[in-house]
Amino acid sequence: MEQWLRWLTAGESHGPALVATLEGLPACVPVTTSLVAAELAVRRLGHGRGARMRFEQDEVTLLGGVRHGLSLGSPVAVTVGNSEWRHATSLYGAGALRC
Numbered sequence: 016m017e018q019w020l021r022w023l024t025a026g027e028s029h030g031p032a033l034v035a036t037l038e039g040l041p042a043c044v045p046v047t048t049s050l051v052a053a054e055l056a057v058r059r060l061g062h063g064r065g066a067r068m069r070f071e072q073d074e075v076t077l078l079g080g081v082r083h084g085l086s087l088g089s090p091v092a093v094t095v096g097n098s099e100w101r102h103a104t105s106l107y108g109a110g111a112l113r114c
């Protein structure tokens, strides 16, 4: 039987945090904040990244689906906080949406 992973996200890259839920991860897969942070650090150094990416620090918090560094088989919930989001609001503005 095929197992599919589904990754749901909410939030904006320059907002206060990104919230994510990963469904379909089997039990007993290693998942720690340091593993997630290491993957985010690789993303930060990718080709074509702006200067802001070099100093923005991602704050990873595992909210559920993980115990003692191992997945439980239930959905894994994560937040990735952006410590620099207040600076981005002055650059990108927070004007009303036009619908």
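All you need for the numbering used here is the position in the sequence shown, starting with 1, plus 15. All C-beta atoms, glycine included, are put in the ideal place defined by N, C-alpha and C.
- DSSP places R21 inside the beta strand (DSSP E), whose first and last residues are 21-25.
- Its Cα nearest to that of V93, the residue A52 stands out among Q18, A52, H29, P41.
- The shortest CA-to-CA distance from P90 to any of C114, E54, A35, R58 is the one to A35.
- The C-beta distance from L20 to G26 rounds to 20 Å, too long to meet the 8 Å contact threshold.
- Annotated three-state conformation of V44 is coil, per DSSP.
- Restricting attention to L55, P41, R101, the CA atom closest to the CA of G88 is found in P41.
- In the three-state reduction of the DSSP assignment, L87 falls in the coil class, being assigned neither a helical nor a strand state.
- Rounded to the nearest whole angstrom, the C-alpha separation of T24 and R113 is 23 Å.
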